[in-house]
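See below for the structure under consideration.
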Amino acid sequence: MAVGAENMGNVKRQLVQLFGVSLRATVPSETDVAPLVDACIAKSGVRFGDYQCNNAMGLWSKIKGKQTEFRGPTAVGQAIMKNLPPSDMVESCSVAGPGFVNVVLSRNWIAKSLQKMLIDGIDTWAPCLPVKRAVVDFSSPNIAKEMHVGHLRSTIIGDTLARMLEFSHVEVLRRNHVGDWGTQFGMLIEFLFEKFPNPEDVNEAAIGDLQTFYKASKVRFDSDPEFKQRAQQAVVRLQGGEDTYHRAWKQICEISRTEFHRVYERLGIQLEEKGESFYNPYIPGVLEELNKKGIIEDDKGARVIFVQDVNIPLIVVKSDGGYNYASTDLAALRYRINEEKAEWIIYLTDVGQQQHFDMLFKAAKRAGWLPADDGSYPKATHVGFGLVLGEDGKRFRTRSTEVVRLVDLLDEAKNRSKTALLERDTAKGWPEEEVEKTSQAIGYGAVKYADLKNNKQTNYTFNFDQMLNDKGNTAVYLLYAHARICSIIRKSGKDIEEVKRNAKIALDHEDERALGLHLIQFSEVIEEACTNLLPNVLCEYLYNLSEIFTKKFYSNCQVVGSPEESSRLLLCEATATVMRKCFHLLGIVPVYKI
Ligand code: ARG
């Protein structure tokens, strides 16, 4: 049977296609049965196959009342198996329990798939998603306020989601929705005028730390009513577009930006800033539209939108007539759907903002911007993540200051990994540049991986010793595993490109087969991680790959000097290739030497 090009390299989808044919032949009366295919999970160490089709039981309960030739779910399972079109991917099938159809994949087919990937490149294994363009709204710190570890989580998780979607042929608009607008700017600007009567004197060095500057201006604001009044007028003058105020605002934003970029640069993060201020001119029109649709109501002097199942309304115009976070987000959502034609809009913030987004999306549904049903597009999704905790179990803070400067945090990770690296004999003779590059890859990689491997909903504890451990489920362990595979290939003295062209993979040993099977599951894992926006699924896959390679394959199958050397070198190369793609998707720079 011909496989659609879009499903090449995606085992699960290819099986879905096969079972689809079989299901239509088995129960022609049921026209829209979606094949339920899953990789088999071992139960007490036993697995009946590599994949299973789970349709028989559900189908049976649908057809049992009607006239049917079948006697029970097992018979339905048997018929599904019998009607499976011949395919060179399947070695054998069996029916187990109440009608599960188990499939054992052909070793030969697995081997061929791997060989094809080695020649054509791993991009041929990219999954196809049902969206063409997505907005990922991530990082999004606030000007002059602290860029905290929560923003670091948003930055790391958002970047990985963007990378996975991009790999899957989605055009991603990476949006930094920075908080660059709002009443706090009146206070900041007045304070700036006071400190620097001459605008030429304003620069990063003079202002120093903007967070401290923010705090000082807040103290001034709270203690001096006359200053407060000036600050409030400053907001009006800024919003009215008065030149000096606008210039001061830009200066403050620019200084914040420089600080954010230090973080992005270290982490290799690409983002396009469209801050809150960008959407400000669109707000009146959007509210007008919602007003005409009769969605906006008066509520205690404010203008609000009521949404389903929430007992408080979404405030869109405050009682003083000003706009807020929600009005900006409404305008931004409208813009993303209408102007940018995004089919999927993904927001990353801590779970604390869950209700805001729930209400925002419900309001958009009331307005008819988003379809009522979550399965259709355009679609908006909030990815909420848990808090970052310190080792004391409380919100993460360092001892010395009450806030954690992200740049310092990243530098510490790098410096610690540098110390650890220099303690290894192998790294002693390395040129300084290589030490630097490797410790950056390991240090930043460790911070990212520690964050990504968690289920994003849960709080996670930030712990340098744990994340920089070279054993266990850490980036360090994985990067070393990759480097070790590269060194096996180097030691063989073979030109791997030539081996790719001339040798074939054979999966005769059961651990070779286990490794091969895990490798060809890459595409479906990425698809799942993208569909459910779960980077930890990819981390788990990568960790298991490394474990299967090390504990099964490499422990039991001699590579260099064995009769199977060429085939096994290709398996090493395929493993390294998949690992590198995983690293890339997780935003981690691979290392080749340890
Ligand atoms: N600036 C916000 C914060 O720090 C996050 C913005 C998230 N994006 C959005 N479109 N609301 O909490």
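Residues 39 to 632 in the numbering used here are what the sequence shown spells out, letter by letter.
From the three backbone atoms N, C-alpha and C, an ideal C-beta is built for every residue, glycine too.
The structure displayed is predicted, hence computed values, not measured ones.
{"query": "Check whether residue 452 and residue 481 have beta carbons under 8 Å apart", "result": "yes"}
{"query": "Reference residue 371; option with closest CA among 338, 390, 344, 416", "result": "416"}
{"query": "Buried or exposed by the 16-neighbour rule on C-beta atoms within 10 Å, applied to residue 90", "result": "buried"}
{"query": "Proximal residues to residue 315 (C-beta, below 7 Å), its chain only, five neighbours per side dropped", "result": "218, 219"}
{"query": "Buried or exposed (CB count within 10 angstroms, at least 16 for buried), residue 191", "result": "buried"}
{"query": "Whether residue 487 touches residue 424 by CB criterion (8 Å)", "result": "no"}
{"query": "Endpoints, alpha helix (DSSP H) assigned at residue 376", "result": "363-376"}
{"query": "Nearest-angstrom beta carbon gap, residue 334 and residue 343 [assumed within contact, 8 Å]", "result": "6 Å"}
{"query": "Endpoints, alpha helix (DSSP H) assigned at residue 534", "result": "534-540"}
{"query": "Residues that DSSP places opposite residue 140 in a beta bridge", "result": "90, 132"}
{"query": "Any non-hydrogen atom of ligand 1 closer than 7 Å to residue 419 Cβ", "result": "no"}
{"query": "Contact the stretch 386-398 vs the stretch 357-376: 3+ CB pairs below 8 Å", "result": "yes"}
{"query": "Between the CA atoms of residue 479 and residue 438 - distance to the nearest angstrom", "result": "Residue confidence is low: residue 438 scores 45 on pLDDT, short of 50, so the model does not pin down where it sits. No coordinate-derived value is stated."}
{"query": "Cβ-Cβ separation, residue 380 to residue 402 (assumed contact under 8 Å), whole Å", "result": "Contact doesn't hold; Cβ gap of about 13 Å is too wide."}
{"query": "Residue 175 beta carbon near ligand 1 (any heavy atom closer than 7 Å)", "result": "yes"}
{"query": "CB of residue 140 within 8 Å of CB of residue 87, strictly", "result": "yes"}
{"query": "Of the residues 161, 209, 529, 227, the one placed nearest residue 268, counting alpha carbons only", "result": "227"}
{"query": "Distance cut-off 7 Å: residue 396 Cβ against heavy atoms of ligand 1", "result": "no"}
{"query": "Exposed unless 16 or more other CB atoms sit within 10 angstroms - verdict on residue 460", "result": "exposed"}
{"query": "Status (buried if at least 16 other CB within 10 Å, exposed otherwise) for residue 193", "result": "buried"}
{"query": "First through last residue of the alpha helix (DSSP H) which encompasses residue 453", "result": "444-461"}
{"query": "Length of the line joining the Cα atoms of residue 557 and residue 526", "result": "18 Å"}
{"query": "Straight-line gap, residue 537 to residue 598 (C-alpha atoms, nearest Å)", "result": "13 Å"}
{"query": "Supposed contact pair residue 340 and residue 330 - C-beta distance, whole angstroms, cut 8 Å", "result": "Not really, about 19 Å apart at Cβ, beyond 8 Å."}
{"query": "Alpha-carbon spacing of residue 173 relative to residue 67, whole angstroms", "result": "41 Å"}
{"query": "Residue 423 - containing beta strand (DSSP E), residue span", "result": "417-423"}
{"query": "DSSP bridge partner residues for residue 81 (one or two, in chain order)", "result": "84"}
{"query": "Span of the alpha helix (DSSP H) around residue 148", "result": "145-158"}
{"query": "Nearest-angstrom Cβ-Cβ length linking residue 517 and residue 629, presumed shorter than 8 Å", "result": "5 Å"}
{"query": "Residue 428 - partner residues in DSSP beta bridges", "result": "Residue 428 is not bridged to any residue."}
{"query": "Whole runs of the beta strand (DSSP E) within the stretch 218-276, excluding any shorter than 3 residues", "result": "none"}
{"query": "Contact under 8 Å by Cβ, residue 553 with residue 591", "result": "yes"}
{"query": "Assumed close pair residue 614, residue 543 - CB separation to whole angstroms, cut-off 8 Å", "result": "Contact doesn't hold; Cβ gap of about 14 Å is too wide."}
{"query": "Residue interval of the alpha helix (DSSP H) (run including residue 404)", "result": "392-404"}
{"query": "Any chain B beta carbon closer than 8 Å to residue 120", "result": "Any reference to chain B falls outside this structure, which holds one protein chain only."}
{"query": "Straight-line Cα distance separating residue 509 from residue 133", "result": "41 Å"}
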